[in-house]
Structures are given as C-alpha cells and as structure tokens.
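Oh and the sequence shown: position 222 is 946 in the numbering used here, straight run, nothing missing.
The beta carbon of each residue, even a glycine, is placed where N, CA and C say it ideally should be.
The structure appears below as structure tokens.
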Amino acid sequence: MFKKILVANRGEIACRVMRTAKRMGIATVAVYSDADARAPHVMMADESVRLGPAPAAQSYLVPELILAAAKATGADCIHPGYGFLSERESFARACADAGIAFVGPPPNAIAAMGDKIESKKLAQAAGVNVVPGFLGEIADTEEAVRIATDIGYPVMMKASAGGGGKGMRLAWSEQDVREGFDATKREGLASFGDDRVFIEKFIESPRHIEIQVLGDQHGNIVYLGERECSIQRRHQKVVEEAPSPFVTPAMRKAMGEQAVALARAVGYYSAGTVELIVSGADTTGESFYFLEMNTRLQVEHPVTEEITGLDLVEQMLRVAAGEKLAFTQDEVKLTGWAIENRVYAEDPYRGFLPSTGRLTRYVPPATRDPYQSVTETYRPSTPPVEHQAPRTRVDDGVVEGGEVSMFYDPMIAKLVTWAPTREAPIDAQVAALDRFELAGVGNNIDFLSAIMQHPRFREGALTTGFIAEEYPEGFHGAPADPALLRQLAAVAVVIDLEQSHRVRSIDGQLGTRPAPSTERIVTIGEHRFDICVDGYDGGLLVNIDGDVPLDVVMHWRPSQRVVVARIDDVELAVRVARTIGGWKLTARGATHLVRVLPPHVADLTWHMIEKVPPDLSRFLLCPMPGLLTRVEVAEGQKVEAGQPLAVVEAMKMENILRAERPGTVARIVHAAGDSLAVDAVIMEFE
725 MFKKILVANR GEIACRVMRT AKRMGIATVA VYSDADARAP HVMMADESVR
775 LGPAPAAQSY LVPELILAAA KATGADCIHP GYGFLSERES FARACADAGI
825 AFVGPPPNAI AAMGDKIESK KLAQAAGVNV VPGFLGEIAD TEEAVRIATD
875 IGYPVMMKAS AGGGGKGMRL AWSEQDVREG FDATKREGLA SFGDDRVFIE
925 KFIESPRHIE IQVLGDQHGN IVYLGERECS IQRRHQKVVE EAPSPFVTPA
975 MRKAMGEQAV ALARAVGYYS AGTVELIVSG ADTTGESFYF LEMNTRLQVE
1025 HPVTEEITGL DLVEQMLRVA AGEKLAFTQD EVKLTGWAIE NRVYAEDPYR
1075 GFLPSTGRLT RYVPPATRDP YQSVTETYRP STPPVEHQAP RTRVDDGVVE
1125 GGEVSMFYDP MIAKLVTWAP TREAPIDAQV AALDRFELAG VGNNIDFLSA
1175 IMQHPRFREG ALTTGFIAEE YPEGFHGAPA DPALLRQLAA VAVVIDLEQS
1225 HRVRSIDGQL GTRPAPSTER IVTIGEHRFD ICVDGYDGGL LVNIDGDVPL
1275 DVVMHWRPSQ RVVVARIDDV ELAVRVARTI GGWKLTARGA THLVRVLPPH
1325 VADLTWHMIE KVPPDLSRFL LCPMPGLLTR VEVAEGQKVE AGQPLAVVEA
1375 MKMENILRAE RPGTVARIVH AAGDSLAVDA VIMEFE
C-alpha cells in the first residue's frame, strides 16, 4: 500500500480523499492556490505545497506544478479527486514516467472515454445503446444547422470534451442553433481547451441515470447499482439518489452489464461512471442510451457508498496499488435508499445567479462521522439494516469565515441522508435542511427543501426537465400550507414573549413591574393571527383565532439562530433572525417575515406609509459578480425586447443579458474586460 498521497484537487473532494487516506494510515499532501492558502483541505493535510495564483488555469490545472509538488514531497501516488486536471491521458502517463501511481484508470481508457465523439463510437462497437446523432466534427454554424435539421428538433449541442453541465445547449429550432453553436464552442474552449461540438437527438421526458463501475488491474469489473440524477438545472446535477425509483431489477442488470462491457472494451480499471439517458415514457425500461463515461470519481458517489457499504476512495487506492477486488458481482448488495443534495452558493430567488463572498455563518446539521460505518474491506456477510434509523452525512470543504471565490465551483457542501425506505431519507433531508445554518452568500437551501417536499419528487416522477417544468417563473419559496403558518405564528409568539420577559427582568426599574400580557397579533404576509398564550408545566398552549390550541414545547434564547419546537408532539426546526419590526423565520423551504405586536400597537400599523422601492427599470444591472466579456450594443442604438445587450462570464459560464423591453441605449457605463460587482450598472436606457 502507498505511504504518501498527493490530492490534486481542492474543497470537499480533497477533504473526502484525505479522510479515507488517514484512516488507511497514508500520509497526505495538499496543493493550493493563493485563494486557498488557509482552506480546510490545506489545514487537514500533513503537508501542503503552493501551486500559484488563484485562477485554476495558473494553479490546479497545471500538470507540471502537480508533478513537481509530488516529487518535492516524496508522494508515491496522486489522486485527482473529481478530475480537476481534466484527467488528461498525458498526465497519467507523466505520473507513470515519474514512478508515481495515478489513482485512476489507465491512460488509454482516459483518452478513449474523454472524447464524447470517440467514446460513442466505442460504445456502439461494444454493443451499448447510443443516442441517434452526428458524431463527426462540425465545421461551422451553417453545417450545425443542416445536421440539426436532418436529426430533427429538439437537439442537444455538446462540447466534445465537456462535463459538469458546461458547454451544452438545447436547441428547439434553427434560431436556437444559430444563437447557441458559437457559444457552445467558446465554453468548450474556455473550460476544456477543446472547441469541437457534436449534436445528438434530445430525448423528451428524459431521465438521467448512471451506473457506477469498479474494476481492478486483473480484469475483474463489477457494477454497483445505479444513481438517479434527473434533478438538474442547466445540465448541472442538483439532487441525486440511489437506487432510482424508476429502475427495475431487470433494467439494472441490463444497464450494468452494458456498462461493464464498455469498461472491459477499453481495458478500464478503478472507479468510473457510465452515464445513460433513459426515456421515462417507455415503461419497458428498454429505451436507455449511452451518454458518456466519466473516468473519475463522481460528486454523487456518496449515495452509492451509503447503499453498498463500500468506501469508493479506498477501493480506488487498493486498485491503484495492484490489489484485486475483494468481492464479486453476486456479492454486491444494495440496502436502503440514499439522497444527496448539493448545497450551492447561488441565489434561487434571483434566477440561481452565482454568489460569492465570505461565509459569515456556517453550521451544517449534526451528523455522524461520515465514514464510521464503512468497513476496512468489503464484507458481503454484513447483515441487512432494514430497521436502522435514518442517518445524515455532510461532505464539505469550507469553514465559517472562509470565502466562496469566483474562481472555483460554487458548491459548498453535499448533504446526504440514508434510510431503509425512500420516503424516510427525503424526510430526513427536509429536517436537516431546516437546521442548516449558512449566511454571507446566497444559497439554495430553501430550494432544495422545496424539491424534497414537492409531490412529484416524492412520487418519483422525475425528468431532467423537472426544475424548468415545476418552476417556470422562477423560485419564490416553497408554498406554506395553513397548518405550517399557524405553527410559525406560534413559534414567533413564544420567541417574542421570551424576548419581552428578558427586557422586563433588567434590574433597577422603578415601581412594580406590570403583569405581562400574552395577547399578540401576528402577521405573516397577508395572514393575520390573533393569539393568546397560556402556560402549563412543560410547555405552552397557544390559542390561535379561537381554534384548537397548539401544544408547544420549545426553549429559545436570543443568541440562538435555530430553534427546535415540538408542536403537538411533532418537531419543527426554524432558523431565526431579527429584523426591523419583526422576525425572519425560515422553515420548510421558505423565509417568512413575521411581525409580532400587542393588539393596540397592531391597530396603529394601518396608518403606516408603505415605502416604495426605487424604479431601476432604466438600468441594465449586472446580476452577479463576473467579467464583462462583450457589449453587444452602442450608445444611441435602439433595441428590441429579447435582444442581446451584454455577456457576463462567471464561474466559467457565459450569461447573455437581454433587453426586457424596447428602448434606446442612453449611456454605456462599463466596457468589455471590466470586472463587475453584483448590481453594477452596465448601461442606462432613455
């Protein structure tokens, strides 16, 4: 076994690999850019080496720097994590030439599967189902239009070396191809150094399902079940689960055997993922097609670990060291259900725009040790755990006070829950998300909670269009039913009474303290509640609008940001923040502004003048921090609704800003090449 491992990555995956390495007694080396000098993965490692400036292209993506760091520290193996180096064939070969083990597949397999066009040809030759499309190199937009027309709309344009949702465009018409083909080429070149694009038929009502494969250097290859990854936004996975609610045992076997056949055809070993597009309209389960093979560890690997009992990082290390797999296909058992939610630094209330800044508050929900239940080696005789309680796991690489940088991926953490049945880990996700404290950057916690509660998700009726179909007008918070609003009103009153009690308890007041009133008027949006509270041993009875009172047990202190109330013997966790004139309560996927007032004060609020926000419709504002790469119009030019005005690049993605209505450009404030802050004025209209 190896003595020292260098992790050629950052963030949560670097921490993830190091945890397993430390458990196996392997010393660890971290690499870092200037932006990550005090990042958690650097603090966790036994040694660390600076690579260079913050941009990944000058630090993490430079193979020569990685190899130099490995040689300088005496590392005998390198783990690429999620493939920050793009897992190029040349780097794997360079590791071999330097006498350093590459923890991943052989160079030939990386090359074969790294090119989406060539990989589809290989898959077809191996007997794997492939999506109809054009696999050759496309010269220009006109040829792309001809090909798309021949295939039949809708079609998907993809960068040949793409991944992670970058370099992909869906085209429903010729106009979409003309507008998106060049942008796809640019994104492919910027992100992967390759501007080749291929086009394939878009499968309507599609589900994204992937098969985890694992092979050793002795010809043994197994599949470890499937993951459902259909909940995506802009082709970036948001929620993953294992197993899939759609896949039957027969489908699993057919998919798994094709995945193994493909891996065997290219001499694959280590962990890898064969991604499939599946027609959800075909209940026979026969309409599944090869998309691509990721020759690396996937972000969503924890859900597979949770249902198999395998530590995939450990297996990768053992395979790289030349060991045989300790189990056969028949010994792979899938137990229970696991759900993973990706917590991103993006604001769902503002069109999911990326958010950067400092984490002024970061307290994930209480979890077990993520790997305490993973055995040193796989034991097929491990007894089933059908009756085990749900468990929660958080994989992250950030700490409170750390910064979410514009240079890297916006993922903050992965929240993983496991339970014997599908419904239980979904409920556990909702409870854990309510307890997740995160402030300083926009985040998608409310959105994730809303998905977990959505009837369609809970039914398992998923497609890759789920988010676009269920939130066509954007996300505005999960809807709150009347019962939840009553519970939040009760929590707000108890908080207000505790605050009032503390104020009255200050020493040195003159006279006799008046008996406090427990009558309050609570408003949540347009909803008004008349409340009176009665105390009793062990809790409170909260009378709301003369209805059946709620039995509330909770203990809150002003410093608490999360309060857990037991209401009618059911737990509700609520994140609490003070605002001017009230409270901000967040629970079950939405934030509610709550005002709690004595009745005589509430009656006077009708006389308050409502403050009208300023009209900013004359300005084009930058919706996120980023680089202004192009300005498409000039001062004095007339524009029409939908016309491109400017392009802002953020986190390697091009964002086209369009005119909302007809108008004339009066003034252009910024030029191409300028770095912009959120809400910076780019141009003004007459």
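Notebook entry, point to check: If you run the structure through DSSP and keep just helix, strand and coil, what is Arg1092?
Noted result: Note that Arg1092 scores a pLDDT of 49, beneath 50, so its modelled location is shaky; the value from the coordinates is reported in the next line. Looking at Arg1092 - three-state DSSP - the assignment turns out to be coil, as it is neither helix nor strand.
Margin query: Just to confirm the assignment, what range does the alpha helix (DSSP H) spanning Asn832 have?
Written below: 831-838
Notebook entry, point to check: How many Å lie between Pro1108 and Pro973 at the Cα?
Noted result: With a pLDDT of 45 at Pro1108, under the threshold of 50, the predicted position of this residue should be treated as unreliable, though the coordinate-derived value follows. Whole-angstrom Cα-Cα distance: 18 angstroms.
Notebook entry, point to check: DSSP three-state call for Ser783: helix, strand or coil?
Noted result: coil
Next item on the list: Starting from the C-beta of Ala983, find all residues in its chain whose C-beta is less than 7 angstroms away, skip the five residues before and the five after it, and write them out in chain order.
Entry: Ile935, Val937, Tyr947, Val998
Check: Is the region 1128-1140 touching the region 1022-1031, taking contact as three or more C-beta pairs under 8 angstroms?
Finding: yes
Note to self: Check for me: the alpha helix (DSSP H) holding Phe1181 runs from which residue to which?
What the structure shows: 1179-1183
Check: Between the beta-carbon of Val1123 and the beta-carbon of Pro1349, is there less than 7 angstroms?
Finding: no
Notebook entry, point to check: Apart from the five residues just before and just after Pro1114, which ones in its own chain have a Cβ nearer than 7 angstroms to its Cβ?
Noted result: Thr1141, Trp1142, Ala1143, Ala1148, Pro1149, Ala1152
Next item on the list: Assign Thr1116 to one of two classes, buried (16 or more other C-beta atoms within 10 Å of its C-beta) or exposed (fewer than that).
Entry: buried
Item checked: Same chain, Cβ closer than 6 angstroms to Asp1258, five either side skipped, listed in chain order -> Leu1265
Next item on the list: Grab the span of the alpha helix (DSSP H) containing Gln1153 for me, first residue to last.
Entry: 1147-1158
Checklist line | Beta-carbon proximity list for Lys710, same chain, < 7 angstroms, skipping 5 on both sides | finding: This structure leaves residue 710 out entirely; the chain is present only between 725 and 1410.
Checklist line | Alpha-carbon spacing of Ala895 relative to Asn1379, whole angstroms | finding: 17 angstroms
Margin query: Going by the DSSP bridge assignment, what does Asn1267 pair with across the sheet?
Written below: Cys1256
Notebook entry, point to check: Near Thr1247, what residues of its chain come up, given a Cβ to Cβ distance below 6 angstroms and the 5 sequence neighbours on each side ignored?
Noted result: Arg1319
Next item on the list: From the DSSP output, in three-state form, read off Lys961 for me.
Entry: strand
Note to self: Does the structure place the region 755-762 close enough to the region 775-787 that three or more beta carbon pairs sit under 8 angstroms?
What the structure shows: yes
Item checked: Residue range of the unbroken beta strand (DSSP E) whose run includes Pro1026 -> Careful: Pro1026 lies outside any beta strand (DSSP E), inside the alpha helix (DSSP H) at 1025-1032.
Check: Whose C-beta lies closer than 6 angstroms to the C-beta of Arg1146 among residues of the same chain, with five residues either side of it excluded?
Finding: Trp1061
Next item on the list: Hey, could you find the ends of the alpha helix (DSSP H) Ile935 is sitting in?
Entry: That residue, Ile935, is in no alpha helix (DSSP H); its beta strand (DSSP E) goes 930-939.
Notebook entry, point to check: Short check: CB of Val1286 to CB of Met1278, under 7 angstroms?
Noted result: no
Notebook entry, point to check: Would you report the Cα separation of Pro1282 and Ala1297, rounded to the nearest angstrom?
Noted result: 16 angstroms
Note to self: Using C-beta distances below 6 angstroms, list every residue in its chain close to Met1176, excluding the 5 sequence neighbours before and after it, in chain order.
What the structure shows: Ile1150, Gln1153, Val1154
Check: Mind pulling the beta strand (DSSP E) runs of 3 or more residues that sit fully within the region 1283-1320?
Finding: 1286-1291, 1294-1303, 1306-1311
Next item on the list: Compute the beta-carbon to beta-carbon distance between Ala732 and Pro779, rounded to the nearest angstrom, for a pair I have assumed lies under 8 angstroms.
Entry: Incorrect: roughly 16 angstroms between the Cβ atoms, too far for contact.
Item checked: CB contact flag (Ile927, Ile871, <7 angstroms) -> no
Note to self: Using CA atoms only, rank isn't needed, just tell me which of Ala883, Ala1044, Arg902 is closest to Thr873.
What the structure shows: Arg902
Margin query: Measuring straight from C-alpha to C-alpha, what distance separates Asp1119 and Ile834?
Written below: 27 angstroms
Checklist line | Three-state secondary structure assigned by DSSP to Trp1061 | finding: strand
Notebook entry, point to check: CA-CA distance, Ala1390 and Arg976?
Noted result: 60 angstroms
Item checked: Cutoff 8 angstroms; reference Arg1085; Cβ partners in own chain excluding five residues on either side -> Glu1124, Glu1161, Leu1162, Ala1163, Gly1164, Arg1285
Margin query: So, at 6 angstroms on beta carbons, what are the nonlocal neighbours of Thr1428 in its own chain, with the 5 sequence-adjacent residues on each side left out?
Written below: The structure shown does not extend to residue 1428, since the chain is modelled only from 725 to 1410, so the question has no answer here.
Next item on the list: Report the three-state DSSP secondary structure of Pro973 (helix, strand or coil).
Entry: helix
Checklist line | Contacts around Gly1366, its chain only, beta-carbon distance under 8 angstroms, and the 5 residues preceding and following it disregarded | finding: Arg1382, Ala1383
Checklist line | Residues of its chain near Arg1082, where Cβ-Cβ distance is below 6 angstroms and the 5 sequence neighbours each way are ignored | finding: Glu1127, Gly1164
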